[in-house]
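Chemist: Quick one: this structure, given as structure tokens, is what I'll be asking you about.
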Amino acid sequence: MKQKLVAGLLGIFLGGWGIHNFYLGYTKKAIIQLIVTLITFGFGSLWGFIEGILILCDKKITTDAQGNPLV
2 MKQKLVAGLL
12 GIFLGGWGIH
22 NFYLGYTKKA
32 IIQLIVTLIT
42 FGFGSLWGFI
52 EGILILCDKK
62 ITTDAQGNPL
72 V
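Numbering (my numbering), first residue to last: 2 to 72.
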């Protein structure tokens, strides 16, 4: 079972690299996020930061890739 706190903090601090999506099992999304961050010279990392906040606030992302709820 994946932890919401871990996923949220990974999103806030390492979200530009898609680490939180790798953790949750969303590999394709994580790779896209990584590429966007590299192409935009780091500005794409805002995407991961926002997702990290949304995970911690129980918005949008509430399950991992297998459909298990985050605890």
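Every residue gets a Cβ at the ideal spot worked out from N, C-alpha and C, and that includes glycine.
#1: Who does Thr64 pair with in a DSSP beta bridge?
#2: Express the C-alpha separation of Ile36 and Leu25 in angstroms, rounding to a whole number.
#3: Report back the beta-carbon spacing between Gly49 and Gly17 to the nearest angstrom; my notes put them in contact at under 8 Å.
#4: Could you check which residue in Leu71, Gln67 and Ala66 has the C-alpha nearest to that of Asp59?
#5: Since I believe Gly43 is in contact with Gln34 (beta carbons under 8 Å), could you give me their beta-carbon distance rounded to a whole number of angstroms?
#6: Going by the CB atoms, is the gap between Gly12 and Ile56 shorter than 7 Å?
Modeler: Working from what's here:
#1: Pro70
#2: 18 Å
#3: 5 Å
#4: Leu71
#5: The Cβ separation is near 12 Å, so there is no contact.
#6: yes
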